[in-house]
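A.B. asks: Numbers given in this note's numbering equal positions in the sequence shown, counted from 1, plus 3.
Even glycine gets a Cβ: it sits at the ideal position worked out from N, Cα and C.
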Amino acid sequence: MTNKVLVLGGSGMLGSKAFEVLQGRFDTYATFRNNSNVPEPSFHVDVMDFDRVKEVLEWVKPDVVVNCIGVLKDETNPITSITVNALFPHQLAKYCKKLIHISTDCVFSGDWGWYDEEHWPDPD
């Protein structure tokens, strides 16, 4: 049975809802970057500092990590988008027993609607 769940991005729209749903069923923890308005227990984490991420993982020792962190299209700093959205999940997976990575729908332009797993990305 899974006892401990760590929600990364617990102050975001998706992460806060994931935390809310999981909180009543599991021993749930969350991380936040800019907003400390998340239920306890929570930890301040900037994913660009992976040593800090590892500290939290070592302290919580989660059975499952739910990654709700993502950067929306940022044309002014594409390196951050690539690091957070693509590289970070791969690095994170090496340190997790189980990882649920929730991706963004920003790979789609929105022109077609009702996207599913069979659609090819078509970002603007």
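1) DSSP three-state call for Thr31: helix, strand or coil?
2) If you draw a straight line from the C-alpha of Trp62 to the C-alpha of Ser106, how long is it?
3) For the beta strand (DSSP E) that contains Leu102, what are its first and last residues?
4) Just list the residues that DSSP pairs Leu11 with in beta bridges.
5) According to DSSP, is His122 part of a helix, a strand, or is it coil?
6) Counting pairs of beta carbons, one from the stretch 79-94 and one from the stretch 24-42, are three or more of them closer than 8 angstroms?
7) Pull up the DSSP beta-bridge partners for Ser45, would you.
8) Over what stretch of residues does the alpha helix (DSSP H) that includes Glu78 continue unbroken?
C.D. replies: According to the structure shown:
1) strand
2) 26 angstroms
3) 102-104
4) Answer is Asn70, bridged to Leu11.
5) coil
6) no
7) Ser45 is bridged to Ala33.
8) Note, Glu78: premise wrong, no alpha helix (DSSP H); not H, not E.
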